[in-house]
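Take a look at the structure set out below.
Chains as they are written, first to last, in this note's numbering: chain A, 1 to 198; chain B, 1001 to 1460.
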């Protein structure tokens, strides 16, 4: 209950922030890519299904944005780098904000798992071992690479090492997004990243 | 002026912020406290306790640390979305390092999953000028700082209302001496809560008692409960009705007449828990029932004889200094008349109740006792309940009471309630809690502890 009200409160604040900043279409395009990537990592580590995402949207009272699987698919297809891109051309700021809220809400729900994974990753890197040799991290990496290659067009441009690196990086990022202030961190991060690019 | 300590304890670090505040600082704007100290301990379980690193500093130092960490985190997070980092190893050069002087703390990435926190001018007990943090440790540090930030925001929201309430108190026709006395006694409440001083000697019992005077909700349940009886007799005394506001104003000096004028036994003063509300009601009943038959008077006095708390005795004395003794008598009259007034209106609404006064008496008694029970529990937890820093929702418990007033069983309602059970200060099974229950009192109580420190109690 308190999570919802808190989220709604912050949601209105973000709208203001977003309206003042996200005016260029190019920026929004990049935001779509970034959010889709984070969601992909979250799906890979926590086995999150479309139903779970839709349920999260309902919990956060965002049914108007993501009410069913079709809307979700079209929303995610708005990532221009997706192989299925074309089902939906535009992602507006409100939809981007909704995705941010949903990602952080789901990350928070799986915070323990994320913490354990990052802790393990720390441990194996400290010991100069390969993370994918551990069951938890190995499964995550496999799924992440699979999802990435299935869904993202430019997947062949990236070396397997870089893709693995990206997977580990996104995994530790997700731990930060699972915190109390995670939604703000994610929002600012994707915004700053797009500002640097453009 | 005892220090106020805020403690934030994620798994791998502890942030402790100590603020020395004077009571008057609540009336000022949220200016930064000059006597602010923080201590940050990294509780790395792999390190010996003696090797654990502690950072200390003032508000400015903490702010610098926050800025450095926030900036670093943001850079780290956004780097995941930069295309060039996909093809080469992500190695972020800290952009602020050159801009900051060496005195300012900053972070740099150390390999893939670690981070080096350079302490700058921060006071620490490490033999190195930097600390190596794992990603999980960094996450915990961020969490602690966020929790601290949230706490500061909450406090700055609470402060205006607190000072407003004090101003109303001051402007309410209370004399300057009484106001200062109440204010100085009122102030220690949050300090005690935060310091979790459970070992308070009983001789300081006047603090909770005066606390009970100040919360505005206190009179309402009493009045509601009193309005439920359906008495016929008081109609004769209707002429003596005073104006209703009179019930509100004398509230700060409640129980002075009770022990003296109505000769409560020694046992009555030394046993049980609850204080002014009960004694007041019982004295009202005594006065009222005295005009009726002696048979009704007896059971009531014996029942209430158990309820007044040991704190009552010491507290009456200092209060008597604040309010002249003769006012106490007036107040008692006002209370009785106030009750009779509500009774009368009830009678008009339900004339059938007038017929049988023998049916009326028990109703009156039960209503009054239920108020006492919930008030006793409320008073207990208002004193003891200190919400944990990270608590964001209300905790709900069902308390099953033994006939002797102790707790037989605590049933947490919900997962959060279960998690925070140990921090609620609910007494252990069998420990003294409230006065023994009478047959008519409910043995099940629902307790709601709010994250803002509020306490709600319902009988079931």
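Ideal Cβ placement from N, Cα and C applies to all residues, glycine included.
- The C-beta of residue 1111(B) has fewer than 16 other C-beta atoms within 10 Å across all chains shown, which makes the residue exposed.
- By the neighbour-count criterion, in which a residue is buried when 16 or more other Cβ atoms sit within 10 angstroms of its Cβ, residue 1134(B) is buried.
- Counting the other CB atoms within 10 Å of its CB gives residue 153(A) a total below 16, which places it among the exposed residues.
- In this structure, residue 35(A) lies away from residue 158(A), with their beta-carbon atoms at least 8 Å apart.
- The alpha-carbon of residue 166(A) is positioned some 7 Å away from that of residue 1080(B).
- Close CB contacts of residue 1141(B) within its chain, under the 6 Å cut and outside five residues either way in sequence, are with 1013 (chain order).
- Closest by C-alpha distance to residue 1422(B), out of 1126(B), 1129(B), 1040(B) and 1385(B), is 1385(B).
- Assignment of residue 1128(B) by DSSP, reduced to helix, strand and coil, places it in the coil class.
- In this model, residue 1007(B) and residue 1439(B) are separated by some 44 Å (Cα to Cα).
- Boundaries around residue 1395(B) are those of the beta strand (DSSP E), 1395 to 1401, since no alpha helix (DSSP H) includes it.
- Rounded to the nearest whole angstrom, the CA to CA distance from residue 1436(B) to residue 1403(B) is 6 Å.
- Between residue 1015(B) and residue 1066(B), the beta carbon gap of about 11 Å keeps them out of contact (Cβ cut-off 8 Å).
- Counting only Cβ-Cβ distances below 8 Å, residue 122(A) has contacts in chain B at 1113, 1114, 1134, 1135 and 1136, in chain order.
- Listed along the chain, the chain A residues whose CB falls inside 9 Å of the CB of residue 1456(B) amount to none; the nearest CB is some 16 Å away.
- Using a C-beta cut-off of 8 Å, the segment 140 to 152 of chain A makes no contact with the segment 172 to 180 of chain A, since fewer than three inter-stretch Cβ pairs fall below that distance.
- Take the alpha-carbon of residue 68(A) and the one of residue 54(A): they are about 6 Å apart.
- Annotation for residue 118(A): 171, 172 and 175 place their beta carbon closer than 7 Å to its own, counting only its chain and skipping 5 residues before and after.
- In this structure, the straight-line span from the alpha carbon of residue 1104(B) to that of residue 1068(B) is close to 8 Å.
- Across the set 1451(B), 1441(B), 1003(B) and 1049(B), the C-alpha of 1451(B) shows the shortest separation from the C-alpha of residue 1420(B).
- For residue 1109(B), the enclosing beta strand (DSSP E) stretches over residues 1106 to 1110.
- The Cβ of residue 176(A) sits closer than 8 Å to at least one Cβ of chain B.
- In the three-state scheme derived from DSSP, where H, G and I count as helix and E and B as strand, residue 1062(B) is classed as helix.
- Of 1057(B), 1047(B), 1051(B) and 1011(B), the smallest CA-CA separation from residue 1018(B) is found for 1057(B).
- Counting along the chain, no beta strand (DSSP E) covers residue 176(A); the unbroken alpha helix (DSSP H) around it starts and ends at 160 to 177.
- In the structure shown, residue 182(A) adopts helical secondary structure according to DSSP, grouped into three states.
- When secondary structure is reduced to three states using DSSP, residue 131(A) falls in the helix class.
- Put simply, the CB of residue 54(A) is far from chain B, with every gap to its CB atoms at 8 Å or more.
- For residue 1047(B), the closest of 1424(B), 1131(B) and 1387(B) by C-alpha to C-alpha distance is 1131(B).
- As DSSP reads the structure, residue 1134(B) sits in a beta bridge with 1114(B).
- Taking a cut-off of 8 Å on C-beta distances, the segment 30 to 46 of chain A does not touch the segment 123 to 132 of chain A, as fewer than three cross pairs fall below it.
- Nearest in C-alpha terms to residue 1072(B), of all of 1416(B), 1456(B) and 1106(B), is 1106(B).
- Only those residues of the segment 1050 to 1082 of chain B whose C-beta falls short of 7 Å from the nearest C-beta of chain A are listed: 1073, 1074, 1077, 1078, 1080, 1081 and 1082.
- Using a CB distance cut-off of 8 Å, residue 1146(B) counts as an interface residue toward chain A.
- For residue 119(A), the chain B residues whose Cβ falls inside 7 Å of its Cβ are 1136, in order along the chain.
- C-alpha of residue 1444(B) to C-alpha of residue 1390(B): approximately 29 Å in a straight line.
- Residue state for residue 1448(B) is assigned as strand, using DSSP reduced to three classes.
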